[in-house]
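Structure, as structure tokens:
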Amino acid sequence: MTAPVDKAAARRANEAAIIALRPKGPPPKRGLPWGRFFHIFYCSLSYIFLLSPMIVVIGASLHGGEYYTAIKFPPDEPSFQWYWKIPGDQLRALGLSFLLAGATALGACVLGIPAALGIVRGKIPGKTFISTVFRAPLQIPAIVTGIAFLQMFYLFGDATGLYLQGTFWGLYMGHVFVATPYVVGTVTAILQRFDMRLEEAAFSLGANRWSTFRRVTLPVIKPGVYAGALYAFMVSFGDVPISIFLTAPGYVTYPIELFYGLENDFDPSILASASLVIFFCLIALLAMQKLVGLDTLLRSGSR
Amino acid sequence: MNTRWELILLPSFIIVGILIVASQFIFLEGSFYKDLGLGRTGTELQLTNYIRFFTDSFYLNTLWITVKTSGLATIFTMVLGFPVAYLIARMRSRWSMLLLAGIVVATFVTIVIKVFGLIIIFSADGLINKVLMGIGIVDTPYTIIGNQTGVVVGLMHFTLGFGVLLLYSVIQTIPRSYEEAAQIHGASRWRMHYRVLLPLSLPGLTVGALMIFNMSMGAFTSAALLGGGRVFTLPVLIQRTVMMEVKYSMAGTLSAVLLVTVLLINLLSIILIRRLRSARLVIA
């Protein structure tokens, strides 16, 4: 347990020490005067590289011209016309994706939270092995998971007559499988810093096990749960390599609809719906920043 | 307070365990049946598919292209990502949150949408080609679709956001005061980076690079879309072998090779982390 540190005070003390220790005479060399500018310039190039595709998609979706000159950036005569022409196929795919991602986030929490509690608190040998098992779905390349689940469903179907490929539940199993490790990771990260005395206090004050969990433990691990659920949602929402094997023609998630759209001819309505998805991701992130803060999201999020 | 925490772990563990073992066992076993094409396979376990993989120059070339494009993407991701991660980690203003948010959004948006944007940017009458042809560098439109450059760019878009976040956490473990100490003693900016920051972050960078390499090796979507049916990496070939040729056993073999390669790299990075941890260089 580390004592809480007043970061601002520590920084001020640090800076004061630096000024006090600074040798008399000319100020130390700070390197080339344009070093910092070069650094910032370089970073803006990275940002342009990283963000330009999304900006271009949003920009091109505003195109107002005819169909055949439709994919254009920058757009001429900006209009929202394509947003009203998003076809039903895409909307259905979007609907399925939202439903699947939401259910996946829920399922990942149901599997992941007990797993994290058990890993951090259980008194069992082979904890490393257990947490490796829970992290394994992230180490297996997604495309391998996809084909493995497809073959598993074939075999299961041959044995029982219940074919899961191309159904919601088949997709759901695949998505929960890859999303659970994120929840396990974020909740574990929070639990490791959890002060067990809080629970003991609640217990000694007469709370029973369940209400201790609900009123003390849950509020503390909540940021981790939210962060994990967000990762799970986003992983499911953007997945191609697993869904491509487990969807059926006519029953596809949004990324798969886009994937096939890109391989064939497409019109700007796809750009319009893609822009909506980008905005949705932005809003989800902002909500998360308000809810738990970006720091929590990142500290617990690395795989 | 003697809750049996290990018991509540059990249901999840059993479910995840069964899914892992069942799915992996089935396709691994399948990869040992000789593939006769069109979904038919032989009945006895043999190494035919594996022998084919390691003797056929097409498959070996695919493996080589996968490793090559992933390696290049890893290098470029690190080169592009490190300065950004450093800038954000060392920033003291509220802008750092905004910059971080930009990175996180880029990792959340599905790679298909990003590839979409790339295709528009690099299309024949897109921004890049207008500039290039305007200056007169090229006569015919330059494209990244269907060649290895495109695959590398696509992989970078897949890994860069994640890479920056990874490097950000590495740099955060290095106290700022070390750099200030170097500067007080008169080190120039460049010298400080070279003699203080680089050695301290090298362990984290190595592990991070291995993770990014791994991610690229398994990346399907960007490689499939930007390869345009002409560049095959292992994940693309796996999907193609199943969907177009209906050769499950051969696809199983390809998957097994990919899986083993990736797991070996993972093992390497775990060993590295252990070593570095015992040397107290990495906290991550």
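Residue numbers (the working numbering), protein chains in the order written: chain A, 411 to 713; chain B, 711 to 994.
Glycine included, each C-beta is placed from N, C-alpha and C at the ideal position.
(request) Sort out for me which residues DSSP pairs Leu755(B) with in a bridge. (result) Tyr743(B)
(request) Kindly confirm or deny that the region 854-867 of chain B and the region 809-825 of chain B touch, where touching means at least three C-beta pairs closer than 8 angstroms. (result) yes
(request) Starting from Glu890(B), follow the alpha helix (DSSP H) in both directions and report where the run begins and ends. (result) 886-894
(request) Compare the beta carbon distance of Leu608(A) and Ile631(A) with 8 angstroms and say whether it is the shorter of the two. (result) no
(message) Taking its Cβ as the centre, do 16 or more other Cβ atoms sit within 10 Å of Ser932(B), making it buried, or is it exposed?
(response) buried
(message) Any heavy atom of the ligand MG closer than 7 angstroms to the beta-carbon of Met953(B)?
(response) Of ligands this structure carries none, so the ligand MG is not represented either.
(request) Let me know if Thr412(A) comes out buried or exposed under the rule of 16 or more other beta-carbons within 10 Å of its beta-carbon. (result) Unreliable positioning characterises Thr412(A) in this predicted model, as indicated by a pLDDT of 47, which lies under 50. A coordinate reading is not provided.
(message) Restricting to Cα atoms, I'd like to know which of Trp774(B), Phe742(B), Ile775(B), Lys778(B) is closest to Ile761(B).
(response) Phe742(B)
(message) Quick check: what's the CA-CA separation for Arg714(B) versus Ser621(A)?
(response) 16 angstroms
(request) Quick one: list the residues of chain B neighbouring Asn424(A), beta-carbon separation under 9 angstroms, in chain order. (result) Arg886, Ser887, Glu890
(message) Going by DSSP in three states, Tyr904(B) sits in which element: helix, strand or coil?
(response) helix
(request) Specify whether the region 553-562 of chain A and the region 938-953 of chain B touch according to this definition: at least 3 beta carbon pairs, one from each stretch, less than 8 angstroms apart. (result) yes
(request) For the alpha helix (DSSP H) containing Arg607(A), list its first residue and its last residue. (result) 606-614
(request) Tell whether a beta-carbon distance below 8 angstroms holds between Ala694(A) and Val467(A). (result) no
(message) Measuring alpha carbon to alpha carbon, tell me which residue in Arg619(A), Gln549(A), Trp444(A) is nearest Ile975(B).
(response) Gln549(A)
(message) Threshold first: 4 residues or longer. Then list the alpha helix (DSSP H) segments lying entirely within the region 845-889 of chain B, N to C.
(response) 858-882
(message) Taking the beta carbon of Val992(B) as the centre, do at least 16 other beta carbons fall within 10 Å, making it buried, or is it exposed?
(response) Confidence is the limiting factor: at Val992(B) the pLDDT is only 41, short of 50, which leaves the residue's position unreliable, though a coordinate-based value still follows. Val992(B) comes out buried.
(message) Please tell me whether Gly505(A) has its Cβ less than 8 angstroms away from any Cβ of chain B.
(response) no
(request) Give the DSSP-derived three-state secondary structure of Tyr958(B) in the structure shown. (result) helix
(request) Could I get the ranges of all uninterrupted alpha helix (DSSP H) runs contained in the region 584-661 of chain A, with 4 residues as the minimum, in chain order? (result) 606-614, 619-622, 628-648, 653-656
(message) Which residues in chain B have a C-beta closer than 8 angstroms to the C-beta of Val650(A)? List them in chain order.
(response) Thr820, Ile821, Val822, Phe930, Thr931
(request) Decide yes or no for the touch test of the region 509-528 of chain A against the region 894-912 of chain B: beta carbon pairs closer than 8 angstroms, at least 3 of them. (result) no
(request) Determine the contact status of Tyr452(A) and Gly812(B), defining contact as a CB-CB distance below 8 angstroms. (result) no
(request) Determine the chain B residues that contact Val466(A) at a beta-carbon separation under 9 angstroms, and present them in chain order. (result) Phe826, Gly827, Leu828, Ile830, Ile831, Gly836, Leu837
(message) Just to make sure I have the definition right: I need the residues of chain A whose C-beta is within less than 9 angstroms of the C-beta of Tyr1002(B). Which are they?
(response) Nothing about residue 1002(B) can be reported from this structure: the residues present for chain B run from 711 to 994 only.
(request) Answer yes or no: do Gly595(A) and Gly528(A) have a C-beta to C-beta separation smaller than 8 angstroms? (result) no
(request) Look at the alpha carbon of Leu944(B) and the alpha carbon of Glu610(A), and state the distance between them as a whole number of angstroms. (result) 53 angstroms
(request) Quick one: list the residues of chain A neighbouring Val941(B), beta-carbon separation under 7 angstroms, in chain order. (result) Correct list: empty, because the minimum Cβ distance to chain A is about 15 angstroms.
(message) Quick check: the Cα distance between Ser898(B) and Tyr888(B), rounded to an integer number of angstroms?
(response) 14 angstroms
(message) With a threshold of 8 angstroms between beta-carbons, can Trp774(B) be considered close to chain A, or not?
(response) no
(message) Using beta carbons (cut-off 8 angstroms, strictly below), is Tyr661(A) in contact with chain B?
(response) no
(request) Determine the DSSP secondary structure at Trp805(B), reduced to helix, strand or coil. (result) helix
(request) Starting from Gln949(B), follow the alpha helix (DSSP H) in both directions and report where the run begins and ends. (result) 944-953
(message) List, in chain order, every chain A residue whose beta-carbon is nearer than 9 angstroms to that of Ala919(B).
(response) Neighbours of Ala919(B) on chain A: none; closest Cβ ~14 angstroms, over 9 angstroms.
(message) So for Trp444(A), helix, strand or coil by DSSP?
(response) coil
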